[in-house]
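In case it helps, the numbering used here puts the sequence shown at residues 516 to 834. Each residue gets a CB set at the ideal place from its N, CA and C atoms; glycine is no exception. Predicted, not measured: the structure shown is a model, and the values here were computed from it.
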Amino acid sequence: MQIFKTVPTFDFMGKRKLALIFSMSLIIFSLYSLFDKGLNFGLDFTGGVLIEVNYPESVNLEDVRATLSKTGYPEASVLHYGTSRDVQIRIASPEETATENAEANKSDIVSDIILAALKKADDGVEMRRQEFVGPQVGDELRDDGGLAMIYALAAILIYVMLRFQWRFAFGSIFALIHDVIITLGVFSVFQFNFDLTVLAAVLAIIGYSLNDTIVVFDRIRENFRKLRKNTPAQVINISLNQTLSRTMMTSITTFFVVAAMFVLGGEMIHAFSIALLIGILVGTYSSIYVASSAILSMNVSHADLIQVEKEGADQESFE
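Here it is, written out as structure tokens:
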């Protein structure tokens, strides 16, 4: 199925300066927010106590939050997981302690206090799970997550450079960095919870955006070899229009699936879904404007992509 019955003729490269201004504005605003507010790291990175309880009947989360607030934990994260009878409570470590064991012992006391308060409000509540994440473990997860993104970008740089040409490699990296910074910027501005699931979503965004960029680059390389009389900007425009139907269909169908996850999946995967939704929108935009505009700005030409045959190669093949 195609969105367009005929190949469109949008002048994407003619608007690349406006796109550059738009992208740079988003990146600057995102970086400012990241340095000013930072990310709202979840329990996975900050350390703290995770408690899962089960109620005999459906429970209103606002009632649970009110109980915890009265108990002295007004900033606790409360959400449903599984069913409306299952509740997950996350409490970040309030302060530094001398040892990991001391913090773990404190978490047992916190769990007992919370369970007692919840039982006072509803005697049927049962503890299902209790988990402690130390601050040191959280720091290691945060550092390892950042290294994972750096390693992924480095591997992509090498792969694209070997498959295409160095200008294409740097164009794809520019697009991926653009996508990651804007996604993190949105999480910083709105202070959405950033945990391991969101980090996984960011890595998935890198893969999704790269896949779309590779499809566009394949067509650009092919057309540079076919359309030798056209200018580089014209070749890139033709290539983007030829792949636009595929790009839009992939983005729209993926967007609807992730939107359904956001609406029906519950609070447990809200942050994960939000990251993917942002990534789909930004990744589609960057594969059209950022990656393609980058290789054009680096003066890609027909000579860079046309394979030169050696003299006498045909004769040697018959010998």
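Per DSSP, the beta bridge partners of Q603 are E567, L594. Assignment of F709 by DSSP, reduced to helix, strand and coil, places it in the strand class. In the structure shown, the three-state DSSP call for E655 is helix. Nearest to T598 by alpha-carbon distance, out of R657, G781, S808, V564, is G781.
Taking 8 Å as the cut-off, the Cβ atoms of P523 and N745 do not count as close. Membership of F527 in any alpha helix (DSSP H) is not indicated, and neither H nor E is assigned to it by DSSP. For Y800, the enclosing alpha helix (DSSP H) stretches over residues 785-800. The C-beta distance from V593 to T698 rounds to 26 Å, too long to meet the 8 Å contact threshold. In the DSSP assignment, M642 forms a beta bridge with V568.
According to the DSSP secondary-structure assignment, N752 is paired through a beta bridge with no residue. For N738, DSSP records no beta bridge to any residue.
Between the alpha carbons of S788 and G700 lies a distance of about 16 Å.
Looking at V717, R580, L725, the one whose alpha-carbon comes closest to that of A670 is L725. Separation of A632 and D710 (C-alpha to C-alpha, rounded to the nearest whole angstrom) is 27 Å. N708 and F777 have their C-alpha atoms roughly 15 Å apart.
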